[in-house]
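Student:
Residue numbers (the working numbering): 81 to 355.
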């Protein structure tokens, strides 16, 4: 049995958070390796093989493989694929593509889950900006994970930042989630909405914060494989994600190699002293 709060959200002990951190580091190191591996001519299936070996070499288990029938270790979503792309060797990556790589691992029963979007060689500046906006929105959502704030603050900060940067689409039906002894746990974490709603954050709660942002419309559809989500207008999409713990000292980004220290410090500096 694991402790839960009155809303059914799993509360981890400090010792359990250390185990979550170990699983998160497996994911973080795997994504770093994948980022360094992406180049024109590779296929998403090549990247899947690299990811599975890296995860298993660390004594962990790929959490996506076999999950509800998903056939691979990573989700690999290219260009207008938003999320849940199945890695194949049908098409090699080309200069100018972007690829979103979502990765999960289980270590000693605890889950880590994170995602990055990577340029393939030189890409259109609009895509570089799309990736920047999406990643920054993620960090702004993560920064809300402090004791006493509320669940909807995450999505509010994500949406507020994205809307401030231009005409982008935020798919309404996809978002983050609780994480711990399962990959997907309550609650669902929206990437939009009003602040100050939902459960208050307590130390030991863990959430996957994962904005998806489209270059065009927010409308999406699922392909015949029942997994791959694409934009209906054919424009590209970016996806970033981290697993994050709420602590008395602020957010602890379990899947970031430095725990999120650098990016969160930069955000705090940009906002200046509180008044």
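Even glycine gets a Cβ: it sits at the ideal position worked out from N, Cα and C.
Which runs of the beta strand (DSSP E), 3 residues or longer, sit entirely within the region 190-269?
Tutor: 190-199, 256-258, 265-269
Student: Please determine if the region 280-291 and the region 83-95 are in contact, where contact requires at least 3 C-beta pairs separated by less than 8 Å.
Tutor: yes
Student: Determine the burial state of residue 169: buried for a count of at least 16 other Cβ atoms within 10 Å of its Cβ, exposed for fewer.
Tutor: exposed
Student: On the criterion of 16 or more Cβ atoms from any shown chain inside 10 Å, does residue 237 qualify as buried, or is it exposed?
Tutor: buried
Student: Per the DSSP calculation, residue 159 is bridged to which residue(s)?
Tutor: Answer is none; residue 159 lacks a bridge partner.
Student: Taking the C-alpha atoms as reference points, what is the distance between residue 186 and residue 197?
Tutor: When rounded, the distance between both Cα atoms is 22 Å.
Student: Report the option in 157, 107, 120 whose CA atom is closest to the CA atom of residue 133.
Tutor: 107
Student: For residue 332, which beta-bridge partners are listed by DSSP?
Tutor: 325
Student: Using the rule of at least 16 other Cβ atoms within 10 Å of the residue's Cβ for burial, across every protein chain shown, is residue 221 buried or exposed?
Tutor: buried
Student: Checking 8 Å against the spacing of the C-beta atoms, do residue 189 and residue 142 come in under that value?
Tutor: No. Outside cutoff.
Student: For a minimum of 4 consecutive residues, which ranges assigned as the alpha helix (DSSP H) are wholly contained in the region 93-160?
Tutor: 94-117, 124-137
Student: Roughly how many angstroms separate the alpha carbons of residue 343 and residue 241, rounded to a whole number?
Tutor: If you take the alpha carbons of residue 343 and residue 241, they lie about 16 Å apart.
Student: Pairs of beta-carbons, one from the region 199-206 and one from the region 260-277, closer than 8 Å: are there three or more?
Tutor: No, they do not touch.
Student: Do the region 113-123 and the region 253-266 make contact, defined as three or more Cβ pairs closer than 8 Å?
Tutor: no
Student: Whose C-beta lies closer than 8 Å to the C-beta of residue 206 among residues of the same chain, with five residues either side of it excluded?
Tutor: 295
Student: Run the CB neighbour count on residue 258, radius 10 Å, all protein chains shown included, and call it buried at 16 or more, exposed below.
Tutor: Burial call: buried.
Student: Helix, strand or coil: which one does DSSP assign to residue 182?
Tutor: Assigned with DSSP and collapsed to three states, residue 182 falls in strand.
Student: Consult DSSP for residue 351 and reduce its assignment to one of helix, strand or coil.
Tutor: helix
Student: Give the range of the beta strand (DSSP E) segment to which residue 272 is assigned.
Tutor: Counting along the chain, residue 272 sits inside no beta strand (DSSP E), nor does DSSP assign it H or E at all.
Student: Relative to the C-alpha of residue 301, which residue among 162, 232, 150 is closest?
Tutor: Of the listed residues, the one whose Cα sits closest to residue 301 is 162.
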